[in-house]
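Chains as they are written, first to last, in the numbering used here: chain A, 1 to 538; chain B, 1001 to 1106.
Here a beta-carbon is modelled for each residue, glycine too, at the ideal position from N, C-alpha and C.
All values derive from a computational prediction rather than experimental measurement.
To keep things clear, I will list the structure first and then write my remarks on it.
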Amino acid sequence: MTVLRDTFGLAIGIAFPAFLILLVARELGVLPGLGFLPYLPPVLAVLAIPAIRRTGLPQVSRLPKPALLVGAAFVVAVSVRLGLSLAYETPLGYDAGLYRYVFNAYSFGLPDIPESSLAEWVRTVYPQGLPTFVTALAVFTGLSADALVRYGLPLLSAALVVPIYWIGREAFSQRAGVTAAVLYAISYTHLFTFGLLYLKNAVGLLLLLLALHALQKRQHALFGVFVGGIGIYHRPTLLIVVAVALVFALATRQPRVLSSLALGAIIAAPMLILRWDANWGLLADALGGNAGAATAANDGGGTFFDLGTYRWASLAYQPFALIAVVWCLVRRDWNLPLLLMAVAGGIVALQLFFFRRQIIPLDLAMLLKAGKGIDLAIAWLPEGRRMAMVGALGALLVVGTGAASVRYLDEASPLMDRDQLAVVEWISDGVPADAIIVASAYDAPWVAGWSGREVIAPGQFDIVIHDREEWLDFLESDSADAASEFLSQYPAPLYIYYSGRTASYLDVSKFTGPKFSLVHEEAGARVYAFASSSDLRD
Amino acid sequence: MIDMLIGITLLPLVLITPGLAWTFVILPANRVPWPERLGWSIGLSIIVAPLSVFWANLGLGVPVTPWGIALVLLAVTSLPVALSLAKGRLMSSFRERLRHDSRRSR
């Protein structure tokens, strides 16, 4: 039996590098196709079970300078992100304009927090934590909110390597922690997340990781404070951390975790209760599996990628992560990365609340598990050539994981260029102060952030009259009469912004005739004025 | 440029100091390595700063101005320091009492 297990161990030691060679060959375009690759990781994990059941794996020497490696991972992560952030004049991501709108709303309300005068969509989508923090930081230091986001987000996003290392080290081993940190630095999923400017997510993830590390160290009071903090920054992450903590309390029989959750509730509840109306609707939608119902008409560019894309993006480290899952299950080791993976994976698989964005914490758990899986694979490598094979395995893993990120760096660009944004900025001087701007879901965040005017867009903001189908009909239609009938239901004075981007879904050929006039055009971006029947009579 | 340098110099007062002060109340004094204490301090500051500024403004009417925020940060940083000192004094008097009792029982 021992011989059989040894053979399996050896086979896995060879099968994993072989899998990575195939993946790297595909990524480099040497072997196109290979559509069967995503099916292999579970097979490899099942094949590894006999070897996993063997006790007493050979000891592998400790890493000589882990802090140096984690530091290097941080430098890589921050360089890539800062490079991306500074390469363009306009910010990356779909959410940039929305954040700018929210921070402006807070800034205009000073010296008071404008809690009661905020637009309803801001109250619903943006909990008080982030805008209050950024506003306080901007007021106290004199730095602009734009600069804080532009330089702060790359640092914040890259800084996650540190708690990832701590959690991996605590749950598994120093090597697992370092590996997870290095994989994070080159992970496509997290680079893509950064490129979308998910600011709330980034803070939520940092607090989530710090909370989980506090729980690992049995610092229950600290964990409770972090749970409360997550509650005021990012509600979907709050649901995840609470679910993980409850399962952890049950699995490890630590009732003190429940007291920590109570402390977290005491910290977060007052702020959540202040917006009870908005939060209750969101919670009811989330629990009913109907999250995003409020934005059902929004077909914009802020959507995170789906599970199919994620399967390819994480393919290089998937077999290692799955093998670590099997390892933990066999040993009944209910560690926090495993529970995080179960909770986030469950939400993604069952398509519950905000399930696409839950791929982000799921990937964090995958990276942590992959760290352990790679640790196991190294132990199974033939002893004589272990160092050489570890080097080869590491290189394959880095290329397999990083290839998609390198492609992303080549392709990533802001959703709006400087000239198109200049037309949005023109709106702030060129149209009346009480004007309302109609835009496609793609253009709307930019208009909200830079025009200083109220915006109407499919499934966004406060003025909601039409549903998704009606919006699609309006956007696609080339009939001036139909467009006029649609627009006349909104309050005047009404203007229309169109960036000219292909992804911005708006047929402008309908804006002809007496009711429409082109008031500004530059670099393909246009602003039309709409005159309703009453305006024409006047 | 000078404004930016001043701004960057002030950042740790919001991003590290309040959380660092609270770690001495929440965490055991000497058993937490410094890198982890620093990491947790940043996390705690990200929570403590907006909570205190928000409630100081809504509850007490402290304006969100540079001086208003400075006052709030000073308060929210001093409170754990005071608590920590009080805890230390309490602990030392408790230890003193224990020593005294054990001497008497001998």
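For this session: Quick one: grab the DSSP three-state call for residue 626 of chain A.
Result: Look at the range of chain A in this structure, 1 to 538, and you will see that residue 626 of chain A is not part of it.
Problem set entry | Spatially closest choice to residue 481 of chain A from A/515, A/27, A/121, by CA coordinates | For the purposes of this step, residue 481 of chain A is identified with residue 481 of the first sequence, where counting begins at 1. Comparing Cα-Cα distances from residue 481 of chain A to each of A/515, A/27, A/121, the minimum goes to A/515.
Problem set entry | Any C-beta of chain A under 8 Å from that of residue 1081 of chain B | Here residue 1081 of chain B refers to the residue found at position 81 when the second sequence is read from its first residue. No, no contact with chain A.
For this session: Spatial neighbours of residue 179 of chain A within its chain, please: CB distance less than 6 Å, with the 5 preceding and 5 following residues excluded, ordered by chain position.
Result: Locating residue 179 of chain A in the first sequence gives position 179, counting from the first residue. Only 371, 374 meet the Cβ criterion.
Exercise. Is residue 49 of chain A helix, strand or coil by DSSP?
Worked result: In the first sequence, the residue the question calls residue 49 of chain A occupies position 49. Helix at residue 49 of chain A.
Problem set entry | Residue-chain proximity (residue 1001 of chain B, chain A), Cβ-Cβ < 8 Å | Within the second sequence, numbered from 1, the residue matching residue 1001 of chain B stands at position 1. Taking Cβ atoms only, chain A never reaches closer than 8 Å to residue 1001 of chain B, which makes this a no.
Exercise. So, does the CB of residue 1034 of chain B fall closer than 8 Å to a CB anywhere in chain A?
Worked result: In the second sequence, the residue the question calls residue 1034 of chain B occupies position 34. Taking Cβ atoms only, chain A never reaches closer than 8 Å to residue 1034 of chain B, which makes this a no.
Exercise. Taking the continuous beta strand (DSSP E) assigned at residue 543 of chain A, which residues delimit it?
Worked result: Past the boundaries of the shown model lies residue 543 of chain A; chain A is included only from 1 to 538, so the question cannot be answered.
Exercise. Any Cβ of chain A within less than 8 Å of the Cβ of residue 1070 of chain B?
Worked result: Along the second sequence, one-based indexing puts residue 1070 of chain B at 70. Yes, contact with chain A.
Problem set entry | Contact list for the segment 115-144 of chain A against chain B, Cβ threshold 7 Å | 115, 128, 129, 132, 133, 135, 136, 137, 139, 140, 141, 142, 143
Exercise. Between the Cα of residue 84 of chain A and the Cα atoms of A/393, A/407, A/69, which residue gives the shortest distance?
Worked result: Residue numbering aside, residue 84 of chain A sits at position 84 when the first sequence is read from its first letter. Of A/393, A/407, A/69, the residue nearest in Cα terms is A/407.
For this session: Can you tell me which of the three DSSP states residue 405 of chain A falls into?
Result: Here residue 405 of chain A refers to the residue found at position 405 when the first sequence is read from its first residue. Reduced to three states, the DSSP call for residue 405 of chain A is helix.
Exercise. Would residue 443 of chain A count as contacting chain B if we go by Cβ distances under 8 Å?
Worked result: By 1-based counting over the first sequence, the position of residue 443 of chain A is 443. Not closer than 8 Å to any Cβ of chain B, the Cβ of residue 443 of chain A fails to qualify, so no.
Exercise. Using the beta-carbon count (16 or more within 10 Å), is residue 1035 of chain B buried or exposed?
Worked result: Here residue 1035 of chain B corresponds to residue number 35 of the second sequence, with the count starting at 1. Burial call: exposed.
Problem set entry | Chain-ordered neighbours of residue 212 of chain A on chain B, where CB pairs are closer than 9 Å | For this step, residue 212 of chain A is matched to residue 212 along the first sequence. Within chain B, no residue comes near residue 212 of chain A; the closest Cβ sits about 11 Å away, beyond 9 Å.
Problem set entry | Neighbour flag for residue 1060 of chain B against chain A, beta carbons, 8 Å | Residue 1060 of chain B sits at position 60 when you count from the first residue of the second sequence. Residue 1060 of chain B does not count as touching chain A.
For this session: Evaluate residue 262 of chain A with the Cβ neighbour count: other Cβ atoms within 10 Å of its Cβ, from every protein chain shown; 16 or more gives buried, anything less gives exposed.
Result: Position 262 of the first sequence, counting from 1, holds the residue named residue 262 of chain A. It is exposed - the Cβ of residue 262 of chain A has fewer than 16 other Cβ atoms within 10 Å.
For this session: Note down, in chain order, all residues in the segment 188-210 of chain A with a beta-carbon under 8 Å from any beta-carbon belonging to chain D.
Result: The chain inventory of the structure shown lacks chain D, comprising the protein chains A and B.
Exercise. Taking just the CA atoms, how far does residue 78 of chain A sit from residue 155 of chain A?
Worked result: Your numbering for residue 155 of chain A matches position 155 in the first sequence. Your numbering for residue 78 of chain A matches position 78 in the first sequence. Answer to the nearest angstrom: the Cα atoms are 6 Å apart.
For this session: Closer than 9 Å by beta-carbon distance: list the chain B residues that pair up with residue 225 of chain A, in chain order.
Result: Walking along the first sequence from the start, residue 225 of chain A turns up at place 225. Here the neighbours are 1022, 1026, 1043, 1044, 1047, 1048.
Exercise. Using a Cβ-Cβ cut-off of 8 Å (strictly less than) and excluding sequence neighbours within five positions of residue 507 of chain A, which residues of its own chain qualify?
Worked result: In the first sequence, residue 507 of chain A corresponds to position 507, counting from 1. Contacts found: 475, 476, 477, 478.
For this session: Leaving out five residues on either side along the sequence, give the residues of the same chain with a beta carbon under 7 Å from the beta carbon of residue 1077 of chain B.
Result: Residue numbering aside, residue 1077 of chain B sits at position 77 when the second sequence is read from its first letter. Excluding sequence neighbours, residue 1077 of chain B sits near 1017, 1018, 1021.
Problem set entry | Beta-carbon proximity of residue 129 of chain A to residue 39 of chain A, cut-off 8 Å | Here residue 129 of chain A refers to the residue found at position 129 of the first sequence. Here residue 39 of chain A refers to the residue found at position 39 of the first sequence. Not a contact, by the Cβ cut-off of 8 Å.
Exercise. When we look at the beta-carbon of residue 238 of chain A and count the other beta-carbons within 10 Å, is it buried (16 or more) or exposed?
Worked result: In the first sequence, counting from the first residue as 1, residue 238 of chain A sits at position 238. Answer is buried; the Cβ neighbour count reaches 16.
Exercise. Which bits of chain B does residue 163 of chain A rub up against, with CB to CB less than 8 Å?
Worked result: One-based indexing of the first sequence puts residue 163 of chain A at position 163. Ordered by position in chain B, the residues that pass the 8 Å Cβ test against residue 163 of chain A are 1039.
Problem set entry | Contacts that residue 1149 of chain B makes with chain A (C-beta to C-beta distance below 7 Å) | This structure cannot settle anything about residue 1149 of chain B, because the visible part of chain B is limited to 1001 through 1106.
For this session: Kindly indicate which residue of A/253, A/66, A/276, A/127 has the alpha-carbon position closest to the one of residue 230 of chain A.
Result: In the first sequence, residue 230 of chain A corresponds to position 230, counting from 1. Residue A/127 is the option with its Cα nearest to residue 230 of chain A.
For this session: Reducing DSSP to helix, strand and coil, say where residue 438 of chain A ends up.
Result: By 1-based counting over the first sequence, the position of residue 438 of chain A is 438. Here residue 438 of chain A sits in strand by DSSP.
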